[in-house]
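Novice: So the protein lines, in turn, are chains A and B. Following the working numbering, the numbering of the first sequence begins with 1 at its first residue and continues without gaps. Following the working numbering, the numbering of the second sequence begins with 1 at its first residue and continues without gaps. The structure that follows is given in the form of structure tokens.
Protein chains: 2
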Amino acid sequence: MSFKLLHKDSTTRARAGVLRTAHGEIQTPVFMPVGTQATVKTLTNEDLLAAKAQVILGNAYHLYLRPGADIIKQAGGLHKFMSWELPILTDSGGFQIFSLAVLRKITKEGVDFQSHIDGSRHFLTPEKVVEFQKLLGSDIIMPLDECVKYPSSRDYIEQSLKITHDWASRSKTALAAACAGGEGSPNLMFGIVQGGSYLDLRKRSVEELCGIGFDGFAIGGVAVGEPEEILREVTEYTAALLPENRARYLMGVGMPLDMLKAIAAGVDMFDCVVPTRNGRNGQAFTLRGELQLRNASFKSDFRPIEEGCGCYACRTYSRAYIRHLFNTDEILGLRLVSLHNIVFYVKLIASARQAIVEGRYAAFLKDFMDKREEKA
Amino acid sequence: MSFKLLHKDSTTRARAGVLRTAHGEIQTPVFMPVGTQATVKTLTNEDLLAAKAQVILGNAYHLYLRPGADIIKQAGGLHKFMSWELPILTDSGGFQIFSLAVLRKITKEGVDFQSHIDGSRHFLTPEKVVEFQKLLGSDIIMPLDECVKYPSSRDYIEQSLKITHDWASRSKTALAAACAGGEGSPNLMFGIVQGGSYLDLRKRSVEELCGIGFDGFAIGGVAVGEPEEILREVTEYTAALLPENRARYLMGVGMPLDMLKAIAAGVDMFDCVVPTRNGRNGQAFTLRGELQLRNASFKSDFRPIEEGCGCYACRTYSRAYIRHLFNTDEILGLRLVSLHNIVFYVKLIASARQAIVEGRYAAFLKDFMDKREEKA
Numbered sequence: 001m002s003f004k005l006l007h008k009d010s011t012t013r014a015r016a017g018v019l020r021t022a023h024g025e026i027q028t029p030v031f032m033p034v035g036t037q038a039t040v041k042t043l044t045n046e047d048l049l050a051a052k053a054q055v056i057l058g059n060a061y062h063l064y065l066r067p068g069a070d071i072i073k074q075a076g077g078l079h080k081f082m083s084w085e086l087p088i089l090t091d092s093g094g095f096q097i098f099s100l101a102v103l104r105k106i107t108k109e110g111v112d113f114q115s116h117i118d119g120s121r122h123f124l125t126p127e128k129v130v131e132f133q134k135l136l137g138s139d140i141i142m143p144l145d146e147c148v149k150y151p152s153s154r155d156y157i158e159q160s161l162k163i164t165h166d167w168a169s170r171s172k173t174a175l176a177a178a179c180a181g182g183e184g185s186p187n188l189m190f191g192i193v194q195g196g197s198y199l200d201l202r203k204r205s206v207e208e209l210c211g212i213g214f215d216g217f218a219i220g221g222v223a224v225g226e227p228e229e230i231l232r233e234v235t236e237y238t239a240a241l242l243p244e245n246r247a248r249y250l251m252g253v254g255m256p257l258d259m260l261k262a263i264a265a266g267v268d269m270f271d272c273v274v275p276t277r278n279g280r281n282g283q284a285f286t287l288r289g290e291l292q293l294r295n296a297s298f299k300s301d302f303r304p305i306e307e308g309c310g311c312y313a314c315r316t317y318s319r320a321y322i323r324h325l326f327n328t329d330e331i332l333g334l335r336l337v338s339l340h341n342i343v344f345y346v347k348l349i350a351s352a353r354q355a356i357v358e359g360r361y362a363a364f365l366k367d368f369m370d371k372r373e374e375k376a
Numbered sequence: 001m002s003f004k005l006l007h008k009d010s011t012t013r014a015r016a017g018v019l020r021t022a023h024g025e026i027q028t029p030v031f032m033p034v035g036t037q038a039t040v041k042t043l044t045n046e047d048l049l050a051a052k053a054q055v056i057l058g059n060a061y062h063l064y065l066r067p068g069a070d071i072i073k074q075a076g077g078l079h080k081f082m083s084w085e086l087p088i089l090t091d092s093g094g095f096q097i098f099s100l101a102v103l104r105k106i107t108k109e110g111v112d113f114q115s116h117i118d119g120s121r122h123f124l125t126p127e128k129v130v131e132f133q134k135l136l137g138s139d140i141i142m143p144l145d146e147c148v149k150y151p152s153s154r155d156y157i158e159q160s161l162k163i164t165h166d167w168a169s170r171s172k173t174a175l176a177a178a179c180a181g182g183e184g185s186p187n188l189m190f191g192i193v194q195g196g197s198y199l200d201l202r203k204r205s206v207e208e209l210c211g212i213g214f215d216g217f218a219i220g221g222v223a224v225g226e227p228e229e230i231l232r233e234v235t236e237y238t239a240a241l242l243p244e245n246r247a248r249y250l251m252g253v254g255m256p257l258d259m260l261k262a263i264a265a266g267v268d269m270f271d272c273v274v275p276t277r278n279g280r281n282g283q284a285f286t287l288r289g290e291l292q293l294r295n296a297s298f299k300s301d302f303r304p305i306e307e308g309c310g311c312y313a314c315r316t317y318s319r320a321y322i323r324h325l326f327n328t329d330e331i332l333g334l335r336l337v338s339l340h341n342i343v344f345y346v347k348l349i350a351s352a353r354q355a356i357v358e359g360r361y362a363a364f365l366k367d368f369m370d371k372r373e374e375k376a
């Protein structure tokens, strides 16, 4: 069994565990920085290790288009290509095919689309996507699914679920076939629960996927534009249905408080582009709320982004200096705030884990919310 | 005396020395990375220290406009503002006023111009420029001068020289006045030799400036579009006229071979935007010539930029990976090649110094030229 549950919080559903992968163990709950194109934007591996990142994400859709299978194969896989030695989870690209690609057409067989980069035509099946993720050498493979937008009709989601579940089953078979003859698969595979905002469809999805059997389960089709209450309702409802002895991953979420509330609902794993994307726009995360460092109010604020943070940006530079970098379009600004935000996210979730282990998660969550009420 | 000559090469005019500043000693010859806007583009101070940079440049024109005197003053000077503890040389901004600013008008009194950023009107005098560099806390102050474009008529340059020399004299007086009462100036000031491509005017400029007396001398008005032969002729001619017991700084030069030939002519200090600017365009410097890493020929080249380089980029990533970063517009690519190029430049000039100390500079220069003939 790849996942081991170590601690359960007494007053919430929060849990601490460890997920074993071919490139090492991941202590959960965990935040996974997003390295869509084989790079966590602006940061080196050294930066990520200093931030204590345990696992990063890659994206099969993007890597399939650039650099492409041929170069990844010659490099000896994604870990070698990007010189990252810790675990990598690769998203199948379902979300990207449905958000970036053009002229896409879904059939039972797979998805036909044109690249958002050069318009080239591609046809991907669940089997091809697994094969590509095997080639990447992903530690945690996500099967191809349809990530349905919000809002969608119940009818549409019911039809879509059938395809997603069929693809999940075919993906599992494809991985088993690819690993046949070896001693089991070095790659884990997670099932992705869909069902939109319809709780009974979420339940059906959990049942179908549990029937197929996976190393972990993701809650997909969230953070796609739905109201916050629906995100929380779907997360709490779905997490409670998932088997206790498997890791639970809430895809694409999110803001710090969303993650901490999801942890209270029993979620173990998170990824989100917010710390780097917002960082490149000058937004820095702190325990007392977000700061927009482009603002003139920081022009002679010589404090670090966050007192006591300990990241290189906070140890070395002031808000005033970083504001100057943004004001003069200097790339170092993007880098420093991205670094700080990744450190903040990783540390926040690691602190949440510590609180769970020490049986004080509810107090931790309350304290986090109280601090944000105070002025930054 | 701030400059101490330690070694003279036996077969060339190359020399090794040490320049003492308020923030420490600089071993010469030295390459000084350019941090125009209080940042060496894409790099942190940690990166610069790892590259063994001994001194960096700031630019008074840019820093005067942004963040401006008020913020620098509140920060306690440029060193504190950018958290850089080693020496800083600040250019007066003469070059920028004449290349970037609009509607400039030079009078004997000073220069009237509009900011290239917001069109705001400014009038700078040599005294104001010294005062601002004092406020920056620059270790090496450059006086305001007119950097004349190439080609310019002899008449124009003669007229311009009178102003430049008058401004040099006023700058020295202004620095002395600013330091009156203290135990001498903690800031060194260099004179800037102008005179275009007219050797007799260069000679006149050297004589005038030596008459005023400075802690070192810069050869200015080069690398402004003149042919390579003229750059070399002016450099060799002027360097030979300068006093032996003062540091010599060739402004804005240049390409690796240009620097090494200038060292053979007796130059001690260099600055150039090429390693970072070209690095951001994907051009990497190596002992076997330049590589354009955007090229498709590198897409499955899994060697480091330069074998044995030892910089973080070369220790960690391949040409193929960096090519992928440029191909996907990822900021990390700009950062990695900038880092490699700064390491290359600093190390190249440090190696030149070592060769001088060991009395083998001519062989070092020949070896450098031979290697570049071979294929990268």
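C-beta: ideal position from N, C-alpha, C; glycine also.
With DSSP collapsed to three states, give me the class of Lys-8/A.
Specialist: strand
Novice: Rounded to a whole number of angstroms, what is the C-alpha to C-alpha distance between Phe-31/B and Tyr-345/B?
Specialist: So the alpha carbons of these two residues sit roughly 7 Å apart.
Novice: Which word fits Asn-295/B, buried or exposed, when buried means at least 16 other C-beta atoms lie within 10 angstroms of its C-beta?
Specialist: exposed
Novice: Ordered along the chain, which non-local residues of its own chain (more than five positions away) have a Cβ less than 6 Å from that of Ala-447/A?
Specialist: Within the shown structure, residues of chain A are numbered from 1 to 376, placing residue 447/A beyond reach of any answer.
Novice: Is there a Cβ of chain A sitting closer than 9 Å to that of Glu-373/B, yes or no?
Specialist: no
Novice: Is Thr-39/B close to chain A? Criterion is C-beta to C-beta, closer than 9 Å.
Specialist: Output row for Thr-39/B: interface = yes.
Novice: So, are the CB atoms of Asp-145/A and Trp-167/A less than 9 Å apart?
Specialist: yes
Novice: Using the beta-carbon count (16 or more within 10 Å), is Glu-229/A buried or exposed?
Specialist: exposed
Novice: Provide the residue span of the alpha helix (DSSP H) that contains Val-111/A, from first to last.
Specialist: From DSSP, Val-111/A is part of no alpha helix (DSSP H) but of the beta strand (DSSP E) over 111–114.
Novice: From Asp-268/A to Glu-85/A, what does the alpha carbon distance come to, in whole angstroms?
Specialist: 22 Å
Novice: Please confirm whether Thr-42/B has its beta-carbon closer than 9 Å to some beta-carbon of chain A.
Specialist: The Cβ of Thr-42/B sits closer than 9 Å to at least one Cβ of chain A.
Novice: Check the Cβ-Cβ distances between Ala-376/B and every residue of chain A, and say whether any is below 9 Å.
Specialist: Note that Ala-376/B scores 49 on pLDDT, short of 50, meaning its location in the model is unreliable and no value can be drawn from it.
Novice: Scan the stretch 274–307 of chain A for residues whose Cβ lies nearer than 7 Å to a Cβ of chain B and list them as they occur along the chain.
Specialist: Lys-299, Ser-300, Phe-302
Novice: Enumerate, from N- to C-terminal direction, the unbroken beta strand (DSSP E) stretches of 3 or more residues contained entirely within the stretch 60–94 of chain B.
Specialist: 88–91
Novice: Given that Asn-59/A touches chain B, what residues does it touch there, using C-beta distances under 9 Å?
Specialist: What Asn-59/A touches in chain B: nothing, since even the nearest Cβ is about 11 Å away.
Novice: Could you name the residues of the same chain whose beta carbon sits closer than 7 Å to that of Pro-256/A, not counting the 5 residues immediately before and after it, in chain order?
Specialist: Taken in chain order, the residues that qualify are Phe-285, Leu-348.
Novice: What residues in its chain sit with their C-beta under 7 Å from that of Arg-154/B, if we drop five residues either side in the sequence?
Specialist: Apart from the 5 residues on each side of it in sequence, Arg-154/B sits with its Cβ closer than 7 Å to the Cβ of Tyr-198 in its chain, given in chain order.
Novice: Just to confirm the assignment, what range does the beta strand (DSSP E) spanning Ile-26/B have?
Specialist: 24–28
Novice: Closest to Ile-163/B by CA distance: which of Val-193/B, Gly-137/B, Ser-138/B is it?
Specialist: Val-193/B
Novice: Confirm, please, whether the CB-CB distance from Gly-213/B to Arg-204/B is below 9 Å.
Specialist: no
Novice: Is Phe-123/B buried or exposed, if buried means 16 or more other CB atoms sit within 10 Å of its CB?
Specialist: Label assigned to Phe-123/B: exposed.
Novice: On a Cα-Cα basis, can you pick out the residue from Ala-313/B, Thr-125/B, Gln-96/B, Phe-95/B that is closest to Thr-107/B?
Specialist: Thr-125/B
Novice: Cβ atoms of Val-273/B and Gly-221/B: under 9 Å apart, would you say?
Specialist: no
Novice: Can you name the residues of chain A whose CB is closer than 8 Å to the CB of Arg-335/B?
Specialist: Thr-42, Thr-44, Ile-331, Arg-335
Novice: Run down chain B in chain order and give the residues with a C-beta less than 7 Å from the C-beta of Phe-81/A.
Specialist: Tyr-321
Novice: By a C-beta neighbour count over all protein chains shown, 10 Å radius and 16 as the cutoff for buried, is Glu-330/A buried or exposed?
Specialist: Under the 10 Å beta carbon count, Glu-330/A is surrounded by 16 or more other beta carbons and is classified as buried.
Novice: Check Asp-118/A in the structure and name its three-state DSSP category.
Specialist: coil
Novice: Ala-75/B touches chain A at which residues, Cβ-Cβ below 7 Å?
Specialist: Phe-302, Ala-320
Novice: Would Leu-6/A pass as a contact of Gly-17/A if the rule is Cβ separation under 9 Å?
Specialist: yes
Novice: Counting only beta-carbon atoms, is Leu-325/A nearer than 9 Å to chain B?
Specialist: yes
Novice: Beta-carbon separation of Met-251/B and Ala-218/B under 9 Å?
Specialist: yes
Novice: For Gln-114/A, which residues of its own chain have a beta-carbon under 7 Å away from its beta-carbon, when the five flanking residues on both sides are left out?
Specialist: Ala-101, Val-102, Leu-103, Ser-120, Arg-121
Novice: How many Å lie between Arg-288/B and Met-369/B at the Cα?
Specialist: Here the alpha carbon of Arg-288/B sits roughly 9 Å from the alpha carbon of Met-369/B.
Novice: Scan the stretch 90–105 of chain B for residues whose Cβ lies nearer than 9 Å to a Cβ of chain A and list them as they occur along the chain.
Specialist: none
Novice: Going along chain A, which residues have a C-beta under 8 Å from Ile-71/B?
Specialist: Lys-299, Ser-300, Ala-320, His-324
Novice: Going by Cα to Cα distance, which pick from Lys-8/A, Ala-14/A, Arg-20/A, Lys-366/A is closest to Met-189/A?
Specialist: Arg-20/A
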